[in-house]
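For reference, the structure discussed in these notes is given below.
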Amino acid sequence: MTLLKALLATTAALAVMGATASTPAPASPHWSWPLSPKPSVLRTFDPPDKPWLSGHRGVDLGPAADGGPVTAPSDGVVTFAGVVVDRPVITIDQGNGLRSSFEPVASGLKPGDAVRKGQVLGSLEPGHCGSTTCLHWGVRRGDDYVNPLGFLADMRPSVLLPLE
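For the sequence shown, our numbering begins at 1333 and goes up steadily by one.
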């Protein structure tokens, strides 16, 4: 009977872990905001149901000043710094399958450059949020987009427990 209970508990734990795979576990130590002071979230993470459908695969932060510094949320290595379509983009590999991309950010960094948490990656340029200057921040774990805000704070749902 004890073996059966252990097996059921393990199965339930694995099911819960699999159900939350798209929500990042809180980073340790926590990542930092890429803009300072702490920005507002102008548009939230809204991933599509299928990879080819439309959605919002990151968050838009701001408003921010044109030319303001964008900083690395954690240590990593630059894997891309260039223009995608018509916007400057920089991508950082944070290890463990995690990559962050920031746009529109003009940067003098180049692929292979190591960056430290809080280091300036480049300067924010206009062009992503229309008349408001904002930063688009996307994070991928492998091939899957995940909510960047989950690396800044614990976003697991609160669970209310009975008093007795």
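Ideal Cβ positions, reconstructed from N, Cα and C, are used throughout, including at glycine.
Could you give the distance in angstroms between the alpha-carbon of Asp1392 and the alpha-carbon of Glu1496?
Rounded to whole angstroms, Asp1392 to Glu1496 spans 43 Å at the Cα level.
Just verifying my parser: in three-state terms, what is the DSSP assignment at Pro1480?
Pro1480 falls in the helix class under three-state DSSP.
Under 7 Å between the Cβ atoms of Cys1466 and Leu1374?
Annotated as proximal: Cys1466 and Leu1374, with beta-carbon spacing under 7 Å.
On the DSSP letters alone, give me the boundaries of the beta strand (DSSP E) that Ser1455 sits inside.
Run containing Ser1455: Val1452 to Leu1456, per the beta strand (DSSP E) assignment.
Consult DSSP for Trp1363 and reduce its assignment to one of helix, strand or coil.
Trp1363 falls in the coil class under three-state DSSP.
Pick helix, strand or coil for Val1415, following the three-state DSSP scheme.
In the structure shown, Val1415 sits in a strand (DSSP, three-state: E or B).
Let me know if Arg1389 comes out buried or exposed under the rule of 16 or more other beta-carbons within 10 Å of its beta-carbon.
With 16 or more other Cβ atoms within 10 Å, it is buried.
DSSP three-state label for His1468, please.
Correct three-state label for His1468: strand.
Quick one: is Ala1413 buried, meaning 16 or more other Cβ sit within 10 Å of its Cβ, or exposed?
Answer is buried; the Cβ neighbour count reaches 16.
Does DSSP put Asp1381 in a helix, a strand or coil?
DSSP places Asp1381 in coil when its eight states are reduced to three.
As a quick exercise: from Leu1456, Leu1493, Ala1485 and Tyr1477, pick the residue whose alpha carbon is nearest that of Ala1396.
Relative to the Cα of Ala1396, the nearest Cα in the group Leu1456, Leu1493, Ala1485 and Tyr1477 belongs to Leu1456.
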